[in-house]
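These notes are about the structure you will find just below.
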Ligand SMILES: *[C@@H]1O[C@H](CO)[C@@H](O)[C@H](O)[C@H]1NC(C)=O
Ligand SMILES: *[C@@H]1O[C@H](CO)[C@@H](O)[C@H](O)[C@H]1NC(C)=O
Ligand SMILES: *[C@@H]1O[C@H](CO)[C@@H](O)[C@H](O)[C@H]1NC(C)=O
Ligand SMILES: *[C@@H]1O[C@H](CO)[C@@H](O)[C@H](O)[C@H]1NC(C)=O
Ligand SMILES: *[C@@H]1O[C@H](CO)[C@@H](O)[C@H](O)[C@H]1NC(C)=O
Ligand SMILES: *[C@@H]1O[C@H](CO)[C@@H](O)[C@H](O)[C@H]1NC(C)=O
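Numbering (mature numbering (1 follows the signal peptide of the UniProt record, and there is no 0)), first residue to last: -19 to -1, 1 to 319.
Structure below.
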């Protein structure tokens, strides 16, 4: 026993030295451990959030392995907040050891946002190495065919790193503000990344489609404000019930829907038309901005593409749609992830 625990201490020390793992609470962190009865730790992430001072200080919540049930809601702290799940490799979502799980459909919750398992309404929030699911959505069957969110993201300069998001319809909601997703895994089928006002940049991530549908439903309503999604170095895959060529890259929730995919691998996932209308009788396709650049795979750009989408130039892809061009600033992004 002694030898074993010494070995595991050494092993965790080594992973920390490598800079890849975070297996012990950073100095000053509030600690959550569902499997501990220590009176210096919390058993629930939400209780840890409630314990944070409502001031401009930087705060970190470190979470030990386990399954944590219920919602987690972070309401407007003035200071930066970090959530860090125990991991041996911060870059590898599959190494996550912390699961946040809840089952709630929007019609019962009262709104899309209120159904989300993780709700961030704060600026300068970083979330690392958590898996977040809404099992109403992942459960399949009839129940899956309704809004049930894993994440509701509101606020400026929020980063999601090595995070897994699992649902069916409306998995990730960008309510407003700016957000950056890297090394993430996002699973769903219908409009599974959606929002009107949020500007979000997704890179080095996997979008896993679980049944025929629409990856995005970006809903910029007018040119009076900016709202957009950029996907950079993304791998599209199918899981569960999705079949080849069964997914659209997006459909316009509102008239000025704005989405770019670049440097990504579409495999056989995408319907060759690429993009579709909101509904046949209410297409909303006249003023969309749907751009593609330098993607690969059999379902990448081809002659069957919808005529309201376009190939964009290298200058556009790397200028206007760079991280900084898209989000307005990039100095807040964790440099280990870009
Ligand atoms: C934090 O304090 C501000 C006022 O400074 C208040 O508006 C806000 O509701 C407080 N947040 C929480 C979670 O109590
Ligand atoms: C977040 O930033 C926005 C705009 O910069 C500001 O209006 C808002 O009050 C900030 N939110 C909090 C909780 O400090
Ligand atoms: C896959 O299809 C089966 C049979 O129609 C259904 O029971 C199941 O819920 C579906 N799963 C998903 C994730 O859509
Ligand atoms: C962003 O959305 C949140 C949640 O609905 C809201 O509280 C906040 O005021 C919004 N921020 C802005 C700048 O609209
Ligand atoms: C969206 O565009 C259509 C066709 O151009 C127009 O009829 C409709 O009023 C627009 N909707 C909004 C909310 O602006
Ligand atoms: C785009 O394609 C549709 C059919 O898919 C056609 O009805 C429409 O006229 C085309 N629009 C333009 C501008 O070519």
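Note that beta-carbon positions come from the ideal geometry of N, C-alpha and C, so glycine has one too.
{"Asked": "By DSSP, does residue 202 sit in helix, in strand, or in coil?", "Found": "coil"}
{"Asked": "Any residue with its Cβ nearer than 6 Å to a heavy atom of ligand 4 should be included. What is that list in chain order?", "Found": "102, 135, 156 and 157"}
{"Asked": "Using DSSP bridges, identify the partner residues of residue 184.", "Found": "163 and 213"}
{"Asked": "Give the C-beta separation of residue 113 and residue 146 to the nearest angstrom, bearing in mind that I take them to be a contact with Cβ-Cβ under 8 Å.", "Found": "5 Å"}
{"Asked": "Between residue 264 and the rest of its own chain, which residues show a CB-CB distance below 7 Å, the 5 nearest in sequence each way excluded?", "Found": "258"}
{"Asked": "Is it the case that the CB of residue 258 approaches a heavy atom of ligand 6 more closely than 7 Å?", "Found": "no"}
{"Asked": "Does residue 74 come out as helix, strand or coil in the three-state DSSP assignment?", "Found": "helix"}
{"Asked": "Taking the alpha-carbon positions, what's the residue 194 to residue 294 distance?", "Found": "28 Å"}
{"Asked": "Taking the Cβ atom as the reference point for each residue, do residue 46 and residue 67 lie within a distance shorter than 8 Å?", "Found": "yes"}
{"Asked": "List the whole-angstrom C-beta distance separating residue 3 from residue 27, where the pair is believed to meet the contact cut-off of C-beta under 8 Å.", "Found": "Actually they do not touch by this definition, with Cβ atoms about 21 Å apart."}
{"Asked": "List the whole-angstrom C-beta distance separating residue 127 from residue 87, where the pair is believed to meet the contact cut-off of C-beta under 8 Å.", "Found": "7 Å"}
{"Asked": "One question on the structure: do residue 273 and residue 236 come within less than 8 Å of each other, judged by their Cβ atoms?", "Found": "no"}
{"Asked": "When a residue counts only if its C-beta is closer than 5 Å to some heavy atom of ligand 5, which residues count, in chain order?", "Found": "236 and 267"}
{"Asked": "If we require 3 or more residues per run, which beta strand (DSSP E) segments fall completely within the region 214 to 277?", "Found": "228 to 231, 239 to 243 and 270 to 274"}
{"Asked": "I believe residue 132 touches residue 102 by the beta-carbon criterion, under 8 Å. Please report the beta-carbon distance rounded to the nearest angstrom.", "Found": "Not really, about 12 Å apart at Cβ, beyond 8 Å."}
{"Asked": "List the whole-angstrom C-beta distance separating residue 111 from residue 77, where the pair is believed to meet the contact cut-off of C-beta under 8 Å.", "Found": "7 Å"}
{"Asked": "Tell me which same chain residues have a C-beta within less than 7 Å of the C-beta of residue 222, skipping the five on either side of it?", "Found": "191 and 192"}
{"Asked": "Can you list, in chain order, the residues of its chain whose CB lies under 7 Å from that of residue -5, leaving out five sequence neighbours each side?", "Found": "Note on residue -5: pLDDT 39, under 50, position unreliable in the model; the coordinate value appears next. If we look at residue -5 and ignore the five residues flanking it on each side, its Cβ neighbours are 2, 4 and 69."}
{"Asked": "How many whole angstroms separate the CB atoms of residue 330 and residue 59, which I take to be in contact at a CB cut-off of 8 Å?", "Found": "This structure cannot settle anything about residue 330, because the visible part of the chain is limited to -19 through 319."}
{"Asked": "State the CB to CB distance for the pair residue 240 and residue 206, rounded to an integer number of angstroms; the pair is presumed to be in contact (CB under 8 Å).", "Found": "Contact doesn't hold; Cβ gap of about 16 Å is too wide."}
{"Asked": "What residues in its chain sit with their C-beta under 6 Å from that of residue 160, if we drop five residues either side in the sequence?", "Found": "134, 139 and 181"}
{"Asked": "Given that a residue counts as buried once 16 or more other Cβ atoms are within 10 Å of its Cβ, and exposed if not, what is residue 256?", "Found": "buried"}
{"Asked": "Using CA coordinates, which residue listed in 215, 228, 187 and 204 is at the minimum distance from residue 198?", "Found": "228"}
{"Asked": "Quick check on the DSSP output: the beta strand (DSSP E) that includes residue 291 runs from which residue to which?", "Found": "290 to 292"}
{"Asked": "Quick one: Cα of residue 279 to Cα of residue 251, how far?", "Found": "9 Å"}
{"Asked": "Check the C-beta distance from residue 189 over to residue 154 and give it rounded, since I have them as a contact under 8 Å.", "Found": "Not confirmed; about 18 Å, so no contact."}
{"Asked": "Return the chain-ordered ranges of every alpha helix (DSSP H) run that is complete within the region 30 to 98 and spans a minimum of 4 residues.", "Found": "87 to 90"}
{"Asked": "What does residue 296 pair with, by DSSP beta-bridge criteria?", "Found": "Looking at the DSSP assignment, residue 296 forms no beta bridge with any residue, so it has no partner."}
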